[in-house]
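Peer 1: Sharing a structure with you now.
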Amino acid sequence: MGEEILFERATGADYDEIVEFANFVFSYAHEPHEFKTLISKAYGEDRTHWPEHFVARENGRIRALTALLSFPLRVMGETLRVGFTGTVSVHPYSRGRGYMKRLMAMTNEYARENGFDLLALGGQRQRYEYYGYEPGGTAHSLLITPANCRHALKDVDGSGVSFAPFESLRAEMDSLFALYESGVVAGARPRNHFEQICGTWRNQPLAILQSGAVAGYLIASADRSRILELRCKAPEQALYPAIKAYLASYAPQGVRIELPPHQTELLRPLLRICESASIEQNECFRIVNYARVARAYLLLKQRIEGGLPDGRFALGLAEDGVTLSLGVLRGEISCEITRDAPDILLSRLEAQNLLLAPTPFVDVSALPDCARRFFPLPVCIASADGF
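The sequence shown lines up with residues 1 to 387 when you count with full-length UniProt numbering.
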């Protein structure tokens, strides 16, 4: 008797089976996984962000799945609909049957039909290039060592700074959430789920207290060796004392701080004292709505750079048969899809590389000067918002 193969969009009724399947596949391939605690916002008993799941069934049993977690992201007042693809898994006995190709196509089609603007995922580059994803986005990684503190921060007093887990400071959660929401990139975390989302992947959200008052917050990795997100109410007063106190409390060997390019108020003072710094790609991305993504992040780029040069650039999108026309005139940004003749014609992967990659492989030497200033677009998805 032959196998019955079914591809379908799952429902909430499939929750237990989905979690058990994901736990098995990831534990089998890597190390023990428990998705209920790893990503509680999506898979915990009190989950608040149930993703869309697409599954392949053999005789009724799940043998492959993908998931798409949707959230809004406000960038310079422009709200984008972002989807993070995750929990991509195939049963070890069902590999090589084309299930993942079919499910990723279903995921991409769902995103297109339901008004998503940008998709992201983390994973091996070539594996996901087949499905239209290309590495991109920009993240700054800065290493702060004890020697940096000893010399550059020798006159900084960190003794008045302490750290408190979010769960011990619930009375201050409104203040911490307001600090998150004050950013030029925000909106992905509702107030009533803020604490849970900040703890994604067992990360450790900590309030920064200066003389007992909330001065900011950070999200540390589970082993405290990395700071994945950092916000300060008054960086000129709190940043250096907080860094000095963090090393003394949690990271005697040093800490690596990861920041998006738009947090210039933190980047500049930390670049002044850090041992080393690098610019890294953030995630793999698939752009769904080129004009909306380009507009939001050109506005952000304009803020970061203090302005963008006047000019127009027409990027031909080969698979779509259209042109993404970008322009700046006296500070006004325009982004639209047209049928204009392009300055350059690129495939999807090439176009995304040009738009998003901090170190593009696309030859930019013949592009208009303005285009070389427009890119890369400063896309960066925070760790807590990932999946």
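Beta carbons are placed, not taken as given, at the ideal position from N, Cα and C, and that holds for glycine.
I think residue 226 touches residue 76, with their Cβ atoms under 8 Å apart; what is that distance to the nearest whole Å?
Peer 2: Translated into positions along the sequence shown, residue 226 becomes position 226. Translated into positions along the sequence shown, residue 76 becomes position 76. 27 Å between Cβ atoms; not a contact.
Peer 1: Find out if the Cβ-Cβ distance for the pair residue 116, residue 81 is shorter than 8 Å.
Peer 2: Here residue 116 is taken as the residue at index 116 of the sequence shown, counted from 1. Here residue 81 is taken as the residue at index 81 of the sequence shown, counted from 1. It is a contact, given that the beta carbons lie within the stated cut-off.
Peer 1: Residue 1 to residue 56, Cα distance in whole Å?
Peer 2: In the sequence shown, the residue the question calls residue 1 occupies position 1. In the sequence shown, the residue the question calls residue 56 occupies position 56. Caution is warranted here: a pLDDT of 45 is assigned to residue 1, below 50, making its placement in the model unreliable, and the coordinate value is therefore given only provisionally. Computed Cα separation, rounded: 19 Å.
Peer 1: Output the distance between the C-alpha atoms of residue 165 and residue 344, rounded to the nearest integer angstrom.
Peer 2: Here residue 165 corresponds to residue number 165 of the sequence shown, with the count starting at 1. Here residue 344 corresponds to residue number 344 of the sequence shown, with the count starting at 1. Rounded to the nearest angstrom, the two C-alpha atoms are 51 Å apart.
Peer 1: Which same chain residues, not among the five before or five after residue 72, have their C-beta less than 8 Å away from its C-beta?
Peer 2: Within the sequence shown, the letter at position 72 stands for residue 72. Here the set comprises 79, 80, 81, 82, 187 and 188.
Peer 1: Enumerate in chain order the residues of its own chain whose CB-to-CB distance from residue 68 is below 7 Å, with the five nearest sequence positions on each side excluded.
Peer 2: To locate residue 68, count along the sequence shown from 1; it is residue 68. Contacts found: 51, 52, 83, 85, 107, 110 and 111.
Peer 1: Hey, which unbroken runs of the alpha helix (DSSP H) at 4 residues or more fall wholly within the stretch 15–55?
Peer 2: DSSP runs (the alpha helix (DSSP H)) wholly in the stretch 15–55: 15–29, 35–38 and 40–43.
Peer 1: Three or more C-beta pairs under 8 Å: does that hold for the stretch 153–167 against the stretch 238–255?
Peer 2: Yes, the stretch 153–167 touches the stretch 238–255.
Peer 1: Hey, residue 275 and residue 143 are a contact pair by Cβ (cut 8 Å); roughly how many whole angstroms apart?
Peer 2: The residue you call residue 275 lines up with position 275 of the sequence shown. The residue you call residue 143 lines up with position 143 of the sequence shown. That belief holds up - the Cβ atoms of residue 275 and residue 143 are roughly 5 Å apart, short of 8 Å.
Peer 1: I need the DSSP call for residue 197, collapsed to helix, strand or coil.
Peer 2: As a position in the sequence shown, residue 197 is number 197, starting the count at 1. Helix, per DSSP.
Peer 1: According to DSSP, simplified to helix, strand and coil, what is residue 1?
Peer 2: Reading the sequence shown from its first residue, position 1 is the one you call residue 1. With a pLDDT of 45 at residue 1, under the threshold of 50, the predicted position of this residue should be treated as unreliable, and no value is reported.
Peer 1: Counting beta carbon pairs with one atom in the stretch 339–359 and one in the stretch 310–327, are three or more of them shorter than 8 Å?
Peer 2: Yes, the stretch 310–327 touches the stretch 339–359.
Peer 1: Grab me the residues of residue 379's own chain with a C-beta within less than 8 Å of its C-beta, minus the 5 sequence neighbours each way, in chain order.
Peer 2: Here residue 379 refers to the residue found at position 379 of the sequence shown. Only 118, 136, 137, 138, 282, 285, 293, 297 and 356 meet the Cβ criterion.
Peer 1: Thinking residue 205 and residue 212 are a contact (beta carbons under 8 Å), I'd like their distance in whole angstroms, please.
Peer 2: Translated into positions along the sequence shown, residue 205 becomes position 205. Translated into positions along the sequence shown, residue 212 becomes position 212. Not quite, the Cβ-Cβ distance comes to about 19 Å (not below 8 Å), so this is no contact.
Peer 1: Pull up the CB-CB distance for residue 24 and residue 62, whole angstroms please, since I reckon it's below 8 Å.
Peer 2: Here residue 24 refers to the residue found at position 24 when the sequence shown is read from its first residue. Here residue 62 refers to the residue found at position 62 when the sequence shown is read from its first residue. 10 Å between Cβ atoms; not a contact.
Peer 1: Does the Cβ of residue 358 have 16 or more other Cβ atoms within 10 Å, making it buried, or fewer, making it exposed?
Peer 2: Along the sequence shown, one-based indexing puts residue 358 at 358. Buried: at least 16 other Cβ atoms inside 10 Å.
Peer 1: Would you decide whether residue 402 is buried or exposed? Buried here means 16 or more other CB atoms lie within 10 Å of its CB.
Peer 2: Examination of residue 402 is not possible in this model, given that the chain is present from 1 through 387 alone.
Peer 1: Quick one, are the C-beta atoms of residue 145 and residue 60 less than 8 Å apart?
Peer 2: Along the sequence shown, one-based indexing puts residue 145 at 145. Along the sequence shown, one-based indexing puts residue 60 at 60. Not closer than 8 Å, so no.
Peer 1: Assign residue 182 to one of two classes, buried (16 or more other C-beta atoms within 10 Å of its C-beta) or exposed (fewer than that).
Peer 2: On the sequence shown, residue 182 is found 182 positions in, with the first residue counted as 1. Looking at its Cβ environment, which holds fewer than 16 other Cβ atoms inside 10 Å, residue 182 is exposed.
Peer 1: Is the beta carbon of residue 207 sitting closer than 8 Å to the one on residue 228?
Peer 2: The residue you call residue 207 lines up with position 207 of the sequence shown. The residue you call residue 228 lines up with position 228 of the sequence shown. Not closer than 8 Å, so no.
Peer 1: Taking DSSP as the reference, what is the three-state secondary structure of residue 79?
Peer 2: Looking up residue 79 in the sequence shown gives position 79. Strand.
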